Amino acid sequence: MPSPIGHALAGLAAAWAVDLVPGERAWRRGPGSGSWFGRAGNGLTLACVALGAAPDLDLLFAGHRTVTHSLGAVVLVGAFAAALAAYAQRPVIRVASMCAAAYATHLFTDWLAIDVSQPRGIQALWPFSREWFISGLDLFGRTERRHLWTSATMATNLATLLQELVILGPPVVALWLVRVKALARLPSEMARRDHAAE
Ligand SMILES: [Zn+2]
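For the sequence shown, the working numbering begins at 9 and goes up steadily by one.
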């Protein structure tokens, strides 16, 4: 299973990918001279980064890779995000799809990864099925969570992290570059929004 850093990168990629969909997105853009945080999409991007890693919080409880690693959970996350967006008067579908997509990347990357624990994979179809799913493609490495500071564990986790950076780094960088260009074309939309706010 990928590391929390790999999952967080996938969540970030999901947030920026959804931002490329045309529509009401001027509020997702900081000015070119603004902070990195603003240009990256503020707190919602950060929330997507956290959502990418969040399903593994089930390690704190029983039932790792079950309910939290399912399409049912993706729907619940989307619904909750939609409710928050409606409350905050933000574009509901955009925010919900951004959060659901970020969460779903976790399922997808776990499904693509090596899993040495039994049963292998994730219960992707909860609540309809308790069946476990894994692709067998072993695209991402495994993360060792026991005996963290032994050399064998550190070597395993470092190799997994490097593999994640090689696979997820280029799309994240590409999305950032496209984001900078695409969102720079929105000054007219920004002006309309500012005008409406006055
Ligand atoms: Zn997981």
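Note that the Cβ used here is the ideal one computed from N, Cα and C, for glycine as well.
It should be emphasised that the depicted structure is a prediction, and the values quoted were computed from it without experimental measurement.
- Is His203 near ligand 1, in the sense that its beta carbon is under 7 angstroms from a heavy atom of that ligand? No - ligand 1 has no heavy atom lying nearer than 7 angstroms to the Cβ of His203.
- Message: For Asp123 and Arg154, which I take to be in contact (beta-carbon distance under 8 angstroms), what is that distance rounded to the nearest angstrom?
- Response: Contact annotation, Asp123 with Arg154: C-beta distance approximately 15 angstroms; criterion of less than 8 angstroms not satisfied.
- Message: Taking the beta carbon of Gly60 as the centre, do at least 16 other beta carbons fall within 10 Å, making it buried, or is it exposed?
- Response: buried
- Around the Cβ of Ile142, are there at least 16 other Cβ atoms within 10 angstroms (buried) or fewer (exposed)? buried
- Pro63 Cβ short of 7 angstroms to ligand 1 heavy atom set: Distances between the C-beta of Pro63 and the heavy atoms of ligand 1 include at least one below 7 angstroms.
- Item | Cα-Cα separation, Met162 to Glu152 | In a straight line, the C-alpha of Met162 is about 8 angstroms away from that of Glu152.
- Does the separation of the CB atoms of Trp134 and Val75 fall below 8 angstroms? In this structure, Val75 lies closer than 8 angstroms to Trp134 by Cβ.
- Task: Out of Leu17, Pro10 and Pro12, state which residue places its alpha-carbon closest to the alpha-carbon of Pro178.
- Result: Leu17
- Considering His114, what are the terminal residues of the alpha helix (DSSP H) in which it resides? Val100 to Leu120
- Message: Taking its Cβ as the centre, do 16 or more other Cβ atoms sit within 10 Å of Asp118, making it buried, or is it exposed?
- Response: Counting other Cβ atoms within 10 Å of its Cβ, Asp118 reaches 16 or more and is therefore classed as buried.
- How big is the Cα-Cα spacing for Ala87 and Pro99? 13 angstroms
- Message: Is it the case that the stretch 49-64 contacts the stretch 106-121, given that we only count it when at least three CB pairs across the two stretches are under 8 angstroms?
- Response: Contact holds: three or more Cβ-Cβ distances are below 8 angstroms.
- Message: Would Ala182 and Leu28 be called neighbours here (beta carbons separated by less than 8 angstroms)?
- Response: In this structure, Ala182 keeps its C-beta atom at 8 angstroms or more from the C-beta atom of Leu28.
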